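No gaps in the numbering here: position 187 of the sequence shown is 328 in our numbering, and each next residue is one more.
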Amino acid sequence: MAFSHLLRPLGAHSLRIASSSGSGAAAARSVRPALRLARAAGLSLAAAAPLYTCAPLLRADDGVNTARSASSSLWREASPLAMRRQPVHLVFMTREGEGRDKWKSWVGYFRDAGYDCQLLNIAVEGGEATVERLGEELTAQLRLAATQRQPLLLVRGDAGSEVALAQVAGSDPRISGLIVVGAEHFDGEGRAPKKLRVLVVPHDADEKSVKDVERWMISQGYS
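Have a look at this one:
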């Protein structure tokens with residue numbers, strides 16, 4: 142099936158592929174130089190959790206710290222053999238470790254295409270991992286990345302999309318676009334900002350679909 146037949150508009154910037162408190166900010170500023178150095182050296186930040194964790198990040202409604210960051214991140218720079226370095230980096234998000242291995246082929250493909258890639262696992266401990274709290278944690282981790290341009294976020298399934306929508310619906314949206322893979326009931330209407338570019342892939346994409354996603358990214362100015 143041609144790619145043009147797989148897409149239908151969700152809004153001005155959206156497409157769907159059819160199937161057949163203050164202390165946290167100070168800590169974030171303090172770790173950014175270390176993060177940049179580690180990233181430049183091609184190091185895994187998953188092994189440097191103390192540098193990348195700002196805990197306690199989340200608060201209960203009564204002001205008591207109950208949920209601490211348990212997130213981890215792995216940076217993979219664009220392949221040195223890529224024809225050109227792309228201007229935006231890609232964040233491949235997982236929720237509490239679920240489906241992390243499924244992103245490996247995607248990361249390899251887009252690194253070869255010149256994109257810096259970040260595998261970001263969002264998790265909290267010591268409190269209930271509600272969608273709202275995970276959305277706050279995602280905001281904090283995106284802030285720590287301190288990139289010059291807002292990244293493109295890729296998530297899997299309805300669970301991942303709910304966390305992404307909680308992030309962009311907050312007071313500090315940190316992404317320029319969202320790709321949702323394998324979501325059966327995604328509905329961002331009225332929840333995501335109108336200017337947010339969204340691509341929805343209800344099925345778990347194969348290699349051809351990954352290339353179709355890349356073409357959409359190019360059409361949206363991500364290359």
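Here a beta-carbon is modelled for each residue, glycine too, at the ideal position from N, C-alpha and C. Since the structure is predicted, the reported quantities are computational estimates derived from the model, not experimental observations.
Residue burial is scored here from C-beta neighbours: GLN282 has at least 16 other C-beta atoms within 10 angstroms and is therefore classed as buried. Separation of the CB atoms of ARG332 and ALA300 is rounded to 15 angstroms, and the pair is thereby denied contact status at 8 angstroms. Secondary structure of ALA300 (DSSP, three-state): helix.
In its chain, beyond the 5 residues on either side, GLN227, MET358 have a beta carbon closer than 7 angstroms to the beta carbon of SER364. Taking a C-beta distance under 7 angstroms as the contact criterion, GLU237 and ALA264 qualify as a contact pair. The closest CA to that of SER210, considering only PRO292, GLY318, LEU261, is found on LEU261. Rounded to the nearest whole angstrom, the C-alpha separation of GLY362 and VAL354 is 13 angstroms.
By the neighbour-count definition (other C-beta atoms within 10 Å, threshold 16), GLN259 is a buried residue. Of the residues assessed, MET224 falls on the exposed side of the cut-off, its CB having fewer than 16 other CB atoms within 10 angstroms.
Spatial neighbours of ARG297 in its own chain (CB-CB distance under 6 angstroms, excluding positions within 5 residues in sequence) are listed in chain order as GLY240, VAL322, GLY323. Rounded to the nearest angstrom, the gap between the Cα atoms of HIS344 and ARG356 is 18 angstroms. DSSP, read as helix, strand or coil, puts ALA281 in helix. Taking the Cα positions, PHE233 is about 15 angstroms away from VAL339. Annotation: ASP257 to VAL229 spans about 8 angstroms, alpha carbon to alpha carbon.
Below 8 angstroms, too few C-beta pairs join the segment 243-255 and the segment 264-274 to call them touching: fewer than three.
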